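Okay, structure first, notes after.
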Amino acid sequence: MNRALHSFAADAQPHVSTPPERESLPLEEALELLLQRTPTVAESEEVPLFDADGRICFAHMRAELPQPPYNRVQVDGYALRSSDIASATAERPAMLLVTQHLYAGDAPGQPLEPGQAARVTTGAVLPPGADCVVWQEDTLADGQTVVISRSLAAMRNCRMCGQDMERGSTLAESGDVLHSGTLSLLAGQGHTYVRVFRRPRVSLLATGSELVLPGAPLPQGGVYNISSTLLGVRLRKMGTRILRMMTRGDNRQALQELLAEMLAESDLVITTGGASVGPKDLVPGIASEIVAEQGGSMLFQSLRLKPGSMTLAAALPQTLLLGLSGNPVAAAATFGLLAVPVLKKMGGATRFAPLRQKAVARNDFGSCRKDERRIVLARLEGRDVYFARDAQRMGQPALCDDCNCFVDIPAGSAPLRKGMEVDVILA
């Protein structure tokens, strides 16, 4: 546990009032609007199984082969007819003639007659006529005969053809996330490639004349652009294709031209900064103009949520625009709550809604204003959750590394104390 998660400080970010023309929506309503306008990409591609981990299956996949594909020996020992040893005891053991040796990879052996046995190893084909395999340790053998002193039920220590999976069984549905288990099933069917949905194409635009690219000299009044790295890493981890990741100052014409280019080639454009109500917050106005020109619609322009109240979204005929706060932690929060479900649905996933659960707070958190719903970065460990409040106050993105969820605190909540039950949104 990182001790930073237990740090405790009040959120000192100044409150920004929302103008009447920018009606605020609850998070759930905003996400529903976004998902209603989120198309699933129509294109697909074939990729090698080794490159398909985390990709979304495009088509329904059925088994063409039963598993196991033959009656399979499960242990090293002797294959035989269970009826031949049904009355075997230590006092009156059964003696069988060993007629063949079968190893994994060998062709099926000769049928066993009554009174016969076959020496077999794990993975071998169960010879015709045999219906069980006696452990080698439970036998006495001299190479030509085998002595068995107890009975064994039929079907013991062997798996019959199709016992694990019948021909036609479902391997993966369209929309399933592929991981090693399913991919190994596909390999077991002889596949080397699988058809998956094309990766969503995303462009990332950081706005603000104060932003400086990392590596360049930092002038007085400037700050390095960290939001692009923060979100870009998450986009890569999700498997999206980043077309552009750019930074622009507060120049209306330059921003409008670049944003229009990005929208023309991307499935989703994410901006950071410039989404509030100041004279240099240009993104809302530019977005409204582009929407009017292209026949789209502004879905919302602010949220009843902190951090991240200054968040906007627009739907255009071929793409979506999501405008996030310039505060890195606020951007990370709304990215997890809005962009992640959108990208999952866009990429073909059938399960994309954020998961919620109850947890027990393991440190304290202050009260919330009556009109201010809080989403607090936290770390979930089992049913225990630890607040990381300094992330909101200071905009310290490093704390995001320690966090894997958000605690959802309703407006007007009294101070939360250690041991209280809270609502958690998994990020």
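Every letter in the sequence shown is one number past the one before it in the UniProt record's numbering, and letter 39, counting from 1, is 39. Ideal Cβ placement from N, Cα and C applies to all residues, glycine included. As the structure is a prediction and not an experimental result, all values here were calculated from the model.
Find the nearest neighbour of A94 within the set A117, A339, P111, R167, judged by alpha-carbon distance. A117
Which same chain residues end up closer than 7 Å to G123 when comparing Cβ atoms and leaving out the 5 residues on each side of it in sequence? R72, V73, A104
Integer-rounded CB distance, given that R379 should sit under 8 Å from V360: V360 to R379, Cβ: 13 Å. No contact.
With distances taken from CA atoms, which of E23, G54, F300, D423 is nearest D176? G54
What three-state label does DSSP hand residue 469 in the structure shown? The question about residue 469 has no answer, for the chain in this structure spans 1 to 427.
Kindly provide the ranges of any alpha helix (DSSP H) runs that are 4 or more residues long and lie completely inside the stretch 142-208, ordered along the chain. 180-188
Tell me V422's beta-bridge partners as DSSP assigns them. A359
Give the DSSP bridge partners of T334, in chain order. Note: T334 sits in no beta bridge, so no partner.
For the 8 Å Cβ check, are there 3 or more pairs between the stretch 79-90 and the stretch 146-164? yes
Less than 9 Å between the C-beta atoms of V342 and L259, yes or no? no
Are L205 and A275 closer than 9 Å when you measure CB to CB? no
Please list, in chain order, all residues of the same chain as G285 whose beta carbon is under 7 Å from its beta carbon, the five residues on each side excluded. none
Length of the line joining the Cα atoms of G181 and V125: 25 Å
Could you give the C-beta distance for G296 and A315, rounded to a whole number, given that I count them as a contact under 8 Å? 5 Å
Contact set for T18: own chain, Cβ-Cβ below 6 Å, skip 5 residues either direction: Here T18 scores only 36 on pLDDT, less than 50, and its place in the model is too uncertain to base an answer on.
Let me confirm a value: G221 is counted as buried when at least 16 other C-beta atoms fall within 10 Å, else exposed. Which label applies? exposed
Secondary structure of I85, DSSP reduced to three states: helix
Would the stretch 179-193 count as touching the stretch 345-361 if we require 3 or more Cβ pairs under 8 Å? no
L243 and V202: beta carbons closer than 9 Å? yes
Assign K306 to one of three DSSP states: helix, strand, or coil. strand
Would you kindly check if the distance between the Cβ of L96 and the Cβ of G115 is under 9 Å? yes
Please state the DSSP three-state secondary structure of E46. strand
Comparing alpha-carbon positions, which option in A90, G188, L140, G129 lies nearest A63? G188
Quick check: what's the CA-CA separation for P57 versus S174? For the sequence presented, residue 57 should be read as Cys rather than Pro. Between C57 and S174, the C-alpha separation is close to 5 Å.
With H, G and I counted as helix, E and B as strand and the rest as coil, what does DSSP make of Q392? Legend: pLDDT at Q392 = 48, less than 50; position of this residue unreliable, value from coordinates given subsequently. Helix at Q392.
N-terminal and C-terminal residue of the alpha helix (DSSP H) that R252 is part of: 252-265
Proximity of L355 and L338 at Cβ, strictly below 9 Å: no
Under 9 Å between C-beta atoms of D164 and T121: no
Could you check where the beta strand (DSSP E) with residue 429 kicks off and where it finishes? The chain is shown from 1 up to 427; residue 429 falls before or after that span and cannot be answered.
Would you mind reading off the limits of the beta strand (DSSP E) that contains G323? 320-324
Among the candidates T40, Q256, Y193, F352, whose CA atom is the shortest distance from the CA of P200? T40
To the nearest angstrom, how far is the alpha carbon of Y78 from that of V133? 5 Å
E289 by DSSP, collapsed to three states: which one? helix
Through-space distance from P410 to F365, alpha-carbon basis: 13 Å
Start and end residues, alpha helix (DSSP H) containing L235: 227-238
Where the alpha helix (DSSP H) through V342 begins and ends: 340-346
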